[in-house]
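Taking it in order: structure first as structure tokens, then the write-up.
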Amino acid sequence: MTAAAALAVTVAFTSPFAKVDVGIKPYLSQLRQGPPAYSMGCSGALVTSSIVLFAGSCVKSYPSHGWVAIGPPYKHGKEDNGEWIQIESKTFHPRLSTTTFEYDVVVVKLVSPSKHDPVVILWDDAPPGSTAWVRGWMPRNRTDRNLYEAPVRIETTATCRSQLPWLDFKTIQCASNDAIQNCFTGIDGPLTTTTKSGVDALLGLLSLQLSCFEVNRPSDYSRLSKLRDFVEPLLCPLNV
Numbered sequence: 001m002t003a004a005a006a007l008a009v010t011v012a013f014t015s016p017f018a019k020v021d022v023g024i025k026p027y028l029s030q031l032r033q034g035p036p037a038y039s040m041g042c043s044g045a046l047v048t049s050s051i052v053l054f055a056g057s058c059v060k061s062y063p064s065h066g067w068v069a070i071g072p073p074y075k076h077g078k079e080d081n082g083e084w085i086q087i088e089s090k091t092f093h094p095r096l097s098t099t100t101f102e103y104d105v106v107v108v109k110l111v112s113p114s115k116h117d118p119v120v121i122l123w124d125d126a127p128p129g130s131t132a133w134v135r136g137w138m139p140r141n142r143t144d145r146n147l148y149e150a151p152v153r154i155e156t157t158a159t160c161r162s163q164l165p166w167l168d169f170k171t172i173q174c175a176s177n178d179a180i181q182n183c184f185t186g187i188d189g190p191l192t193t194t195t196k197s198g199v200d201a202l203l204g205l206l207s208l209q210l211s212c213f214e215v216n217r218p219s220d221y222s223r224l225s226k227l228r229d230f231v232e233p234l235l236c237p238l239n240v
């Protein structure tokens with residue numbers, strides 16, 4: 001067995017995905033263009049009543065999208081698909097790189113507060129080998145609009161670098177699940193964990209979803225623990 005094959009065996013993790021009711025995860029959000037275009041741009045998470053976090057690299061790809069749909073059950077849909085609120089401002093991390101995906105976060109302020117409960121942010125890293133969750137939609141599967149969830153395994157930095165060598169992992173983390181690391185079942189959604197008290201806590205935002213030609217590689221997420229100095233000051237004055 002080659003070293004590469006041995007590594008593939010070592011990192012393999014597969015667990016089935018399942019449909020989920022957005023009503024119990026109402027913080028899940030989508031960047032939307034708004035009428036008359038209703039397709040999803042990026043996935044994110046409501047973290048205060050008036051703030052949604054997205055991956056900055058994704059939002060930069062959709063400069064005309066000026067709305068957020070909060071708690072939408074479907075990937076695409078009109079104003080009855082989630083709570084629609086216009087965007088007041090977008091504050092990108094000043095060191096964001098769309099090449100290495102460093103500092104990949106944008107703080108999106110809404111023009112009015114959401115009625116939904118936000119998710120808390122965990123400012124600590126989840127340990128390698130632990131289980132986290134990805135919840136979101138399957139953007140490349142054009143026939144499926146539903147919301148899904150799947151467990152993922154947090155990988156070591158060494159494993160992440162071996163699989164995704166062009167990325168900088170100081171501000172990135174990666175997680176794997178072979179069941180969702182392919183073209184049509186790739187889940188676009190934030191990375192969360194469950195606290196000891198049983199509530200969801202946000203770990204990161206999907207930074208790079210691999211193409212159909214890069215199957216069975218981990219997905220990478222912004223590492224919010226390393227972005228706290230930028231994000232937290234923008235949240236506290238607005239946390240109502």
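If you read the sequence shown in full-length UniProt numbering, its first letter stands for residue 1, the second for the next number, and so on. Even glycine gets a Cβ: it sits at the ideal position worked out from N, Cα and C.
- The alpha carbon of Asn216 has as its nearest neighbour, out of Thr193, Glu232 and Ala175, the alpha carbon of Ala175.
- Bridge pairing for Ala175: Ile154 and Ser219 [DSSP].
- Within the segment 10-98, the runs of alpha helix (DSSP H) at least 4 residues long that lie entirely inside it are, in chain order, 56-60.
- With fewer than three CB-CB distances shorter than 8 angstroms, the segment 55-65 does not count as touching the segment 74-82.
- By the C-beta density criterion, Asp117 is exposed, having fewer than 16 other C-beta atoms within 10 angstroms.
- Sequence-distant Cβ neighbours of Asn177 in its own chain, meaning closer than 6 angstroms and more than five residues away, are Phe13, Ser15, Ala150 and Val152.
- Per DSSP, Arg228 lies in no beta strand (DSSP E); the unbroken alpha helix (DSSP H) holding it starts and ends at Arg228 to Leu235.
- Taking Cys42 as reference, the option from Lys19, Val20 and Val108 with the minimal CA-CA separation is Val108.
- For Lys109, the enclosing beta strand (DSSP E) covers residues Val106 to Leu110.
- With 16 or more other CB atoms across the displayed protein chains lying within 10 angstroms of its CB, Gly82 is buried.
- DSSP places Gly204 in the uninterrupted beta strand (DSSP E) bounded by Asp200 to Gly204.
- The secondary-structure analysis by DSSP pairs Ala132 across a beta bridge with Val152.
- Contact between Ile85 and Trp67 is confirmed by a C-beta separation of about 7 angstroms, below the 8 angstroms threshold.
- Going by DSSP, Thr193 is part of the beta strand (DSSP E) stretching over Leu191 to Thr194.
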